[in-house]
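K.L.:
Mind looking over this structure? Questions follow.
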Amino acid sequence: MLRKRGLRAAIVLLLVSLFAGACSSYPVVTTDKGGLSGEGGNLIIAIKDDPKTFNPIYAGDSMSLTINNALYAPLLSVNNGEKKFVLAESLTAAKDLKKFTLKLRAGLVWHDGQPLTADDVLFTFNSILDEKQHSYFRSSFVLDGKPIKVNKADERTIEFVLPQASAAFESALVQIVPIPKHIFEGEADLEKSDKNYSPVGSGPFKFKEYRAGEYVLVERADTYFSEKSKLDSITFRIAKENNSAVLALQNGELNMLRVEPQDYAKVKAAGHAKLMMFPSGGVTTMVFNMNIDRMKQKEVRQAIVHALDKQELIQAGFSSTEFAEPAASIFSPDTLYVKKELPTYPYDKDKSKALLKAAGAEGLKIRFAYFSASTPETNMALYLQQKLKEVGIQVELIPLDGAALGKKALNKDNTDYDMSFGGYSMGFEPDAYKVLYLSDAAYNYSHYKNEQFDQWWQQAAVETDANKRAQLYGQIQELSAREVTTYPIAYGKSIIAIDARFAGIEEAVAKPVVMFDDFAKLYKQK
Amino acid sequence: MNRMRWTLLVSQLRTQKSALIALIILGIYVLAALAAPLAPHDPNTIHLDERLLPPSGQHWFGTDDNGRDYFARALYGARVSLSVGILAMLVSVTIGTIIGAISGYFGGKLDTFLMRSIDIGMSLPSFFLMLILNAYLKPGVVTIVLIIGLLSWMSISRIVRAETISVKEREYVLYARVSGQSTFRIIFRHIIPSIVPTIVVAATLNIAGVIMMESSLSFLGLGISPPDASWGSMLNNAKGYIGENPTLALFPGLLILTTVLAFNYLGDVFRAAFEPKVNRR
Amino acid sequence: MKKYLLRRLLQLIPMLLFISIVSFALIRLAPGDPVMSFVTPNMSPDDIERIRASMGLDQPLYLQYAYWLQNVLTGNLGYSLINHRPVLDLIVERIPATLGLMGCSLVLSLIIGITLGLVAALNKNKPIDRVLSFLSYIGISLPGLWFAMILIYVFSIQLHWLPSLGMRTIGVNSVWDVILHGVMPCLVLSITSIAVFMRYIRSSTISQLEEDYVNIQYAYGSTSTVILFRHVLRNVLLPVITILGLSLPEIITGAFIVESIFSWPGMGSLGINAVFSLDYPMIMGITMMSSFLLIFGNLLADMMYGVVDPRIKSMR
Amino acid sequence: MTELLSVDQLRTSFFTRDGEVQAVRGVSFSIKEGELIGIVGESGSGKSVTAKSLLRLIPPSGQIVGGQSKLRGVDLLSLPEEKLRKVRGHQVAMIFQDPMTSLNPVLTVGAQLTEVLRRHQKLSRRHARQEAIEWLRQVGIPSPEIRIDQYPHEFSGGMRQRVMIAMALSCKPDLLVADEPTTALDVTIQAQILALLTNLCKTTGTSVLLITHDLGVVAQVCSRVIVMYGGLIMEEGTVEDIFSAPQHPYTKGLLRSIPRMREGRRERLVPIEGSPPNLLNPPSGCPFMERCPQASSECLILPPYVESKPGHRSLCWLTVARKSERQEGLQ
Amino acid sequence: MSDNSLLEGRGQARTGKTPLLEVRRLAKHFTIEKSLFGRTTKVLKAVDDVSFHIHRGETFGLVGESGCGKSTTGRSVIRLFDITSGEICYEGIDLAGMNERQLKPYRQKMQAIFQDPYSSLNPGMNVMELISEPLEIYGGYSRSNRRDRVIELLERVGLKREHADRYPHEFSGGQRQRISIARSIASGPEFVLCDEPISALDVSVQAQVVNMLEDLQQELGLTYLFIAHDLSMVRHISNRIGVMYMGKLVEVSFSEELYTHPAHPYTEALLAAIPIPDPKVLMPTDRLLQGELPSPIDAAIGCKFRSRCPYASRRCGEEEPVLKRIAPGHYAACHLHE
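Structure below.
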């Protein structure tokens, strides 16, 4: 009789184990109340994906940058041109721009109560410069091969000695956020150390909890030196699918969301949220690959540009010019010395055909590469294909995923395609663009080589006189617009929807990439 | 197919009205696919001012997010989806039948080797294989056909192998060996014709699976490259507009559902028509 | 029985080894470069070279594989190139969600599939049988993506009954909330296997009812319900175990797709990102994990079959 | 011996897609207490369908379209289902042809035996197990206490048929219907099973209806024989009369086509030409007509049953003619 | 081993000539279980050390219960698969080692008819295609006279011209066996293996097929190896009969003598078990064979029949009996006859 019972037991066991496995494997949290929604409120912000790291010297992706902006306070920050001192009290540059002294505020403290001193800043810079740590920001502090020197003057002052003058040094400093020496000292490999999982920061919010694939929870830090955050906590909620995210915004599961152009109308109609729009600081361009002979001919480039109506091109990519302004200069609107009046190429089919005939390029065939996962690029490519067909140019579309496109673009003698889209956001310092346009620069996607052009960039980098610099950068933008090897299309706009119940948006100062400069200023109305 | 099986199939079709409906549906779709150029609008021209229009007299299925006529795109999409379905099925059925028949007929070490490699192939998550294979080949119909074909032949070869093993023991195959017929002739004159019914059934069910796989391939961004479209890629693009324009998702989804449904019904009708009871006492 | 289990386990090792070689070769030969996903213009080329070296990408392929294998044997699946965290931790964090989703959908499809299959078989050719058969046809022909969209449109957008995002509402921590979140993904994942089980149970019950041993039971005065539950059901349910094993590949692929539609925090979304950014160690980790799940699933089903079916047990 | 079962004008047809197959076209016979009667016939003669119709065990596509089958005066064919269930297995038991598929492969032999015992004899689980072991010993299965917990696949063909006999006789039925019980067995095992069956039925007084196509089995085992062809009874009589003085041309043809064991001379076999009739549209008259060497136009209409000897009737105009000649001779 | 003794009995068997077919120490073993490393641990000895010969024009019957290896012997003789050991000499030439190419001419001479009428004809081919297959292989017929040859064969086996275009499922069991026979004699063979050709047919139809086989043997001088488990029919058709038990040949003798004076206890029990179709002759219930077939896998030494043999002695358990001549043309493998 034993065997019979064994059989029945086996089947029952199979079913129960499957079900138990299903339920027990859920880390069902029943005790912890999640966000500490006290009277200050818990702001839920949607992010596209998990943050790559909580260690600022390795943070490159927008998710990590946004969260670190809440956890850590920078030395100083620059919003639409004007400087604001945070951890630092003052930054004085020497006459020859070769020496900078930085003075920290008094009484600064880390979230765990340890004092924040010049030692931490020194430790941060040494870690960044240390080749073994391969931090992402090392290149900004190595001027043609020679790293800068950092030494501690006293408990609150640091001196930076540069091997050569650099106007862009201040913009590099803005990106750096000090990390706690007492936490990371002695760690062989900062990148992989497990101290990164429970970060100790210096910003208005401190780290509470991270649940993979779901959310990152940060709460108000009382140790913050300036005005405490009115919010009790912020939850950065991971939402991959943007239409279910828009839905969650409507039923209150989310309070803040970066909105895609095509969802703008839907969110506006729903009326739950205020919509903020501000320049994203990014420039979308179209790049001609100068390694290809046909592309070397200026008439061909001009013919192509004349065949496109910039207004319609933007409408195709961003569904309306409301979400992306037509761009004239290769500099983004928030960059110093940006020029508005530059040569333009109005939509003129006959001129385009004439130019093509002059260049002997009838029946031209072009291979156009674009990033397959980006909807704007895909739609613009389709529009471009149809428009160029009208002037007799045959366009073959080549969709590539991020890794493949990146590798081809950075290959100096790449001939896999004739044209492609480009895009960058370099911040307010014009010298940062040098990396994209110098003849032998790593990221010169169009591989355009011009001595005169290079000289102007080098002079402007070391020129101390402001209007001399303005005049140099003016000539640069002028030449680029005439040569049209990189054709600026649009200045992108970031659209952020915030639940109507939250206020303090102006004080928090909307900012590209990290959404807001200071989350602490936001609060929940009663 | 010889006379006997043909009459059986026709009688089965007459009695099972569901099979008739299935044939009619497939007939309409194939005709529509062939007549695609006659569609009122061109599927790929972008009209920025006519974006996301609801179905109307002028645009029967409305327009998509680029202002392209959705009905025309559905017709051209039918061409892609049906051709991918049939071509991929042919690829997987041919490979599957040959390997299955050889492995089943010869048995021994060759059979164990083939079966072990199929076990390995089946335990590699097909999802990853799709992504990786697609990275090698440039996008297009040929790539999709190859990827899907290479992924779905393994289940067919298992079915064919099992059937070959059972047919191999039948006495008319023993007689063929006794009367000195060559192995090649035995496989192609006796074994494969007797397992044609199973192959046909597996083929129709495979087409259904292939069309569904094509739509999930598009979901992963690996399907047909723009400006052309398949039902799968149309469905995938419609994902973003499910809120205000559900029709964008409704039409391709319905078309895929009815096609796959038709193939499944046909598969079952073939199975019923060629049921082995025909030659059982 | 133990000898058979030992032999199957021994076969498992070369298979997993072979799979790891094939996937390593396939992944590493794909065009593109993992460094691209986090390179920014202000990083100098030699810094990039140093980063690539730190990832060990500059050594010859076979050496990289040797290191990878050596690490795996010591239980360390290497570091994700993008998230800078051990692959094992990332996977272990996510596995419960995927297993939970797959587990529930298997249980759901078993229960519903079997009951509907039996109901259809018992009322053969009656209206209810025709309706159920038609539904089962719809079930196997329904594209998962489309079904998910319909569910979202009806239950989330229009009726607001069910959330369509992630596994949990923020600030609410109850089992009921997780279940509410899991309803739609589970349904989408199991709709096809419900149909498959139903069709199988119906056809095999009908064929079992024509067997001699059933006639014998009638001849000895037994009723049809007793025959069904005491005799036929057992013969019908046994092969379900093998079908369970065979349908694992579809369920795993399906789980990956459903997870990204509903932002479900499982292995799937991790896998898709890893492949798009060519994060080699992560892809290897997830491929090996899902292959292991598949092979182990089939082995478990096979063993289960031996335990439950006396004919097979005595053979081993 | 009192009459146990009387079957009157039994008609059973199968309704297939191609039309009505009349498997049994009006069969009447009776079985007395303790009698061992055999129905012999080739495939398609309707012998098996007749047996199954007695307990209404025909597959769903078939239907009993007429006639009665009275067991001790109670017509089984019109009995409501729950009452008929009481009869099945208790008063009338059955054994089928293929032992390999008669037992449920996933249940132990003991489980299946005790289930029948407890249903008809209301025994406790332990008591039923004892009874089952006893019956296994009676049908000649060695060490039954161990084998009762084994599964059907661990028994040979012969052993399984013994289990079926145990199952049948354990409820002490009045009638045992055995549908080709030994066709699937080897000749030495067949001999053992037939010997076991006849002894047990004699000791328990159970009457047996044996269905077979093997004339040798009928001759050795049965006391009375019914010869069936084309869904009808061609001839019925005691086994001695049928074998020594067959009246119907079909019976004669059957007997002539089997090799005789007489020594020395080995004459050529005399087969019955042609093939069995198609019961989809059966001939109106005698079904054997197209294959019968002495067929005449009379055979287009079915003759009445005529007794050439008390208890020995046959369905043929020749018997009718012979009877009338004899009566003229008598006068 | 067995010498070429004088052959009386039916027909034109010539004495002293080399037999058409000579089987010496034939063995065919199947592997049931392999150890982890591929070494075979359990073997089923389906046919074990069987020798016999068949003269031209003779019918040699091979009988025995299921699992005794008679079908495997028959199929080994026509080289349907490779044998484990032993020789198969056709007119003195050993076929055992040959490959398919070398076997080709012998395939024409050796043909076969199988048991199940529903499985021996390819359901997808009509009668014309079925019967003309051997003609295509062994050539000599162009398309037109191939059709005439087929119709001639059809009529020879009692079927009509219009049957040529029908499919197997449109015929009764008896008619299908006739088609198999027509197919087997199409290429003009000398030897035909009949592997239980009538077991699946009704008694009346069996007689038709048996008569036809006898007529064809007369007319074409065919030699038959007739395998069956129905002993009475085998006795009718065979000149000499071999009885097999558990893969061994236990007795060989002329058909008449086997029935009148069976030498081996198993043959005796086998004959006693045949139900005689005559109520007056009652079966000897006392000499009924008891017990079950032992499992074929256990490799016990000694006579395989000893567990069920009423005369079993100690010697039977130790030493395996060998086929010995006990009378002209009559051999038995049993210690009783030493």
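Residue numbers (our numbering), protein chains in the order written: chain A, 1 to 526; chain B, 1001 to 1281; chain C, 2001 to 2316; chain D, 3001 to 3331; chain E, 4001 to 4338.
Ideal Cβ placement from N, Cα and C applies to all residues, glycine included.
1. Please report the distance separating the alpha-carbon of residue 4052(E) from that of residue 4198(E).
2. Do residue 1152(B) and residue 1088(B) come within 8 angstroms of each other at the CB atom, strictly closer than that value?
3. So which residues of chain D does residue 1950(C) contact, with C-beta pairs closer than 9 angstroms?
4. Using a Cβ-Cβ cut-off of less than 8 angstroms, give me the residues of the region 1236 to 1269 of chain B that come near chain A, in sequence order.
5. Would you say residue 2206(C) and residue 2121(C) are within 8 angstroms of each other, going by their C-beta atoms?
6. I need the DSSP call for residue 2023(C), collapsed to helix, strand or coil.
7. Classify residue 1140(B) as buried or exposed, calling it buried when 16 or more other Cβ atoms lie within 10 Å of its own Cβ.
8. For the region 3078 to 3093 of chain D against the region 3122 to 3134 of chain D, do three or more pairs of beta-carbon atoms, one drawn from each stretch, fall closer than 8 angstroms, so that the two count as touching?
9. List the residues that DSSP assigns as beta-bridge partners of residue 524(A).
10. Leaving out the 5 sequence neighbours to the left and right, which residues in its chain are closer than 7 angstroms to residue 11(A) when beta-carbon positions are compared?
11. When the distance is taken between beta carbons, is residue 3125(D) closer than 8 angstroms to residue 3114(D)?
12. Using a Cβ-Cβ cut-off of 7 angstroms (strictly less than) and excluding sequence neighbours within five positions of residue 2217(C), which residues of its own chain qualify?
13. If you measure from the beta carbon of residue 2197(C) to each beta carbon in chain B, is any gap under 8 angstroms?
14. Between which two residues does the alpha helix (DSSP H) containing residue 3094(D) stretch?
15. Using a Cβ-Cβ cutoff of 7 angstroms, what residues of the region 1199 to 1214 of chain B are near chain C? List them in chain order.
16. Give the DSSP-derived three-state secondary structure of residue 3312(D) in the structure shown.
17. Applying the 10 Å Cβ sphere with the 16-neighbour rule, what's the burial state of residue 2126(C)?
18. Check each candidate in 2202(C), 2152(C), 2023(C) and 2049(C) and name the one with the smallest Cα separation from residue 2033(C).
19. To the nearest angstrom, report how far apart residue 64(A) and residue 1255(B) are at their CA atoms.
20. Between residue 3045(D) and the ligand FMN, is the CB less than 7 angstroms from at least one heavy atom?
21. On the criterion of 16 or more Cβ atoms from any shown chain inside 10 Å, does residue 1263(B) qualify as buried, or is it exposed?
22. Are there three or more Cβ pairs, one per stretch, closer than 8 angstroms when the region 1162 to 1182 of chain B is compared with the region 2061 to 2079 of chain C?
23. Under the rule that 16 or more other beta-carbon atoms within 10 Å means buried, what is residue 1010(B), buried or exposed?
24. Taking just the CA atoms, how far does residue 491(A) sit from residue 258(A)?
25. Do you know offhand how far residue 364(A)'s Cα is from residue 303(A)'s?
26. Check distances from the C-beta atoms of the region 406 to 420 of chain A to those of chain C and list, in chain order, the residues that come in under 7 angstroms.
27. Keeping to the same chain, check which residues put their C-beta closer than 6 angstroms to that of residue 433(A); ignore five residues upstream and five downstream.
28. Count the other CB atoms within 10 Å of the CB of residue 340(A); is the residue buried (16 or more) or exposed (fewer)?
29. Can you give, in chain order, each stretch of the beta strand (DSSP E) that sits fully within the region 4097 to 4170 of chain E and has at least 3 residues?
30. In or out: residue 1064(B) buried (at least 16 other Cβ within 10 Å) or exposed?
31. Taking the alpha-carbon of residue 494(A) as reference, which of 310(A), 412(A), 350(A) and 282(A) has the nearest alpha-carbon?
32. Go ahead and label residue 4261(E) buried or exposed: buried means 16 or more other beta carbons lie within 10 angstroms of its beta carbon, across all protein chains shown.
33. Between the beta-carbon of residue 2141(C) and the beta-carbon of residue 1261(B), is there less than 8 angstroms?
34. Identify the contact partners of residue 2231(C) in chain D, using a Cβ-Cβ distance below 8 angstroms as the criterion.
35. In chain order, which continuous runs of the beta strand (DSSP E) of length 3 or greater are located wholly inside the region 3102 to 3126 of chain D?
P.N.:
On the basis of the supplied data:
1. Going from the Cα of residue 4052(E) to the Cα of residue 4198(E) covers about 23 angstroms.
2. Residue 1088(B) is a Cβ neighbour of residue 1152(B), given a cutoff of 8 angstroms.
3. The requested residue 1950(C) does not occur in the structure, where chain C is confined to residues 2001 to 2316.
4. Within the region 1236 to 1269 of chain B, 1239, 1240, 1241, 1242, 1243 and 1244 place their CB atoms closer than 8 angstroms to a CB of chain A, listed in sequence order.
5. Yes, the pair counts as a contact, with Cβ atoms nearer than the cut-off.
6. Helix.
7. With a 10 Å radius around the Cβ and a threshold of 16 neighbouring Cβ atoms, residue 1140(B) comes out exposed.
8. No, the region 3078 to 3093 of chain D is not in contact with the region 3122 to 3134 of chain D.
9. DSSP lists 502(A) as the beta-bridge partner residues of residue 524(A).
10. Reliability fails at residue 11(A), whose pLDDT of 45 lies under 50, so the model's placement of it is uncertain and no value is given.
11. Taking C-beta atoms as the reference points, residue 3114(D) and residue 3125(D) count as a pair closer than 8 angstroms.
12. So the list reads 2227 and 2231, once near-sequence residues are dropped.
13. No, residue 2197(C) does not count as interfacial toward chain B.
14. First-last for residue 3094(D): 3092 to 3095, but that is the beta strand (DSSP E), not the alpha helix (DSSP H).
15. Per Cβ criterion, the list reads 1208 and 1212.
16. Under the three-state reduction of DSSP output, residue 3312(D) falls in the strand class.
17. Under this definition residue 2126(C) is an exposed residue.
18. Answer by Cα proximity: 2049(C).
19. Straight through space, the alpha carbons of residue 1255(B) and residue 64(A) are spaced by roughly 43 angstroms.
20. Ligands displayed in this structure: none; no statement on the ligand FMN is therefore possible.
21. By the 10 Å Cβ count, residue 1263(B) comes out buried.
22. No, the region 1162 to 1182 of chain B is not in contact with the region 2061 to 2079 of chain C.
23. By the beta-carbon neighbour count (other beta carbons within 10 angstroms, threshold 16), residue 1010(B) is exposed.
24. The C-alpha of residue 491(A) is placed about 17 angstroms away from the C-alpha of residue 258(A).
25. Near 11 angstroms, if we compare the C-alpha coordinates of residue 303(A) and residue 364(A).
26. Per Cβ criterion, the list reads 406 and 407.
27. Answer for residue 433(A): 426, listed in chain order.
28. Under the 10 Å beta carbon count, residue 340(A) is surrounded by fewer than 16 other beta carbons and is classified as exposed.
29. Listed in chain order, they are 4110 to 4113.
30. A buried status is given to residue 1064(B), since no fewer than 16 other beta-carbon atoms sit within 10 Å of its beta-carbon.
31. In this structure, 282(A) is the residue among 310(A), 412(A), 350(A) and 282(A) with its C-alpha nearest to the C-alpha of residue 494(A).
32. Residue 4261(E) should be labelled exposed.
33. When the beta-carbon positions are compared, residue 2141(C) and residue 1261(B) come within less than 8 angstroms of each other.
34. Listed along the chain, the chain D residues whose CB falls inside 8 angstroms of the CB of residue 2231(C) are 3104 and 3107.
35. Taking only runs of at least 3 residues, no beta strand (DSSP E) segment lies wholly in the region 3102 to 3126 of chain D.
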